[in-house]
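Please read the structure below before turning to the comments.
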Amino acid sequence: MPELDFNILEPSDDEVRSFEPLPDGWYKAVINGTARKTSKAGNDYLEVELEITDADHAGRRLWEIYNLWHPSEAPKEIAQRQFSNLVNACGLANCKESDDLIGMHLDVKLKTEAGNGEYQPKNKIAACRTAPGMANQKAPIESTAVSLDDPPWKD
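Heads up: the sequence shown runs through residues 0 to 154, numbered per numbering that gives the first Met the number 0.
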């Protein structure tokens, strides 16, 4: 068992975090991660982790589920449409690998979904759009053209 050799600090008032849903509205966000997971029912889905970057709520995280591999067509079509909106908001025309979204900035419109039974109310993405000034978000990889007809060692 790992030994922890430090004293746990008392939280200050400004460090106390709330897990209540954020108020409905538009927020700036960044995609932190993606993962293919399996539901309790045995269906695979894509989970996308987003982090809010707006000053008032910076650091808050939310997870959106896309049923891209659902066995029923209706949930799959809804998920494909919602995921396409997310990809387009990131400034991409296509997405072959979900990890291509990591680090992308976008604006998300959150709505509060009511809780039921064992689940508390939570935020869901109602819409997303390209964040202003973020049309080309990832730094392009610089490449240098190399001529194979004139190798550099033949000076």
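Glycine residues also receive a C-beta, built at the ideal position from the N, C-alpha and C atoms.
Rounded C-alpha distance that separates LEU100 from GLY32: Each residue's alpha carbon lies about 8 Å from the other.
Bridge partner(s) assigned by DSSP for VAL86: Paired residues: none, contrary to the question.
Within 9 Å, strictly: CB atoms of TYR44 and TYR26: Not a contact, by the Cβ cut-off of 9 Å.
For GLU76, the three-state DSSP class (helix, strand or coil): In this structure, GLU76 counts as helix in the three-state DSSP scheme.
Coil, strand or helix - LEU3 by DSSP: It is coil, neither helix nor strand.
Integer-rounded CB distance, given that VAL29 should sit under 8 Å from GLU50: Rounded, the Cβ-Cβ distance is 5 Å, consistent with contact.
Nearest to HIS104 (by Cα), restricted to the options GLU117, ALA34 and ARG128: Distances from the alpha-carbon of HIS104 to those of GLU117, ALA34 and ARG128 put ARG128 closest.
Residue range of the unbroken beta strand (DSSP E) whose run includes LYS95: Careful: LYS95 lies outside any beta strand (DSSP E) and carries neither H nor E.
Pairwise C-alpha distance: GLU63 and ALA78: Here the alpha carbons of GLU63 and ALA78 stand approximately 10 Å from one another.
Buried versus exposed call for PRO1 [16 or more other C-beta atoms within 10 Å across all chains shown]: PRO1 is exposed by the Cβ-count criterion.
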